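Each residue of the sequence shown is one higher than the last, beginning at 78 in this note's numbering.
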Amino acid sequence: MDTSNMTLMEIFSNPDVMHTLSFGEKMLASTITMIMGLGITFTVLILIWIFIAIMGKVLGTGKKPAAAPAAAAPAPVETKAPVEEASDDSLVAVIAAAVAAYQGANANNLVVKKITRLSGDNTPWGASALEDRLDTRRR
């Protein structure tokens, strides 16, 4: 077979003729093959990324919903006491503000009636955790 008119990649694709190549020519052809494979892979990945971005904009999933304007945001309360020593009233206010921020526009009818702090080791969360641990040991 006459290899004088063939390119290096054509020679590299023929297994019978490939054995006649020197080590340097084999390494060059391998490098070219690797670069072509990486180039094609990254080109396809970029095209997929662009396609997903366009579809996100077309379907509206790329946009975040507009935040509803807050009716009256409470002014920040300046306290000189550390957070651990906050009074129950300020704790209630913080919890109510967090719930109102979470609910967004539907927070107009939020009323906090009573929050009481439970003391001792037997809180509902602790009792539930103890029951879960006992159930897993029974199985």
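C-beta atoms are modelled at their ideal positions from N, C-alpha and C, and glycine is treated no differently. Please read all numbers here as calculations on a predicted model, not as lab measurements.
Beta-carbon proximity list for residue i, same chain, < 6 Å, skipping 5 on both sides
i	result
L85	A106
Outcome for residue i when other beta-carbon atoms lying within 10 angstroms are tallied against a minimum of 16
i	result
A177	buried
Same chain, Cβ closer than 7 Å to residue i, five either side skipped, listed in chain order
i	result
M95	I88, F89
Is it true that the region 82 to 92 meets the region 103 to 114, where meeting means three or more beta-carbon pairs spaced less than 8 Å apart? The region 82 to 92 makes contact with the region 103 to 114; the number of CB pairs closer than 8 Å reaches 3 or more.
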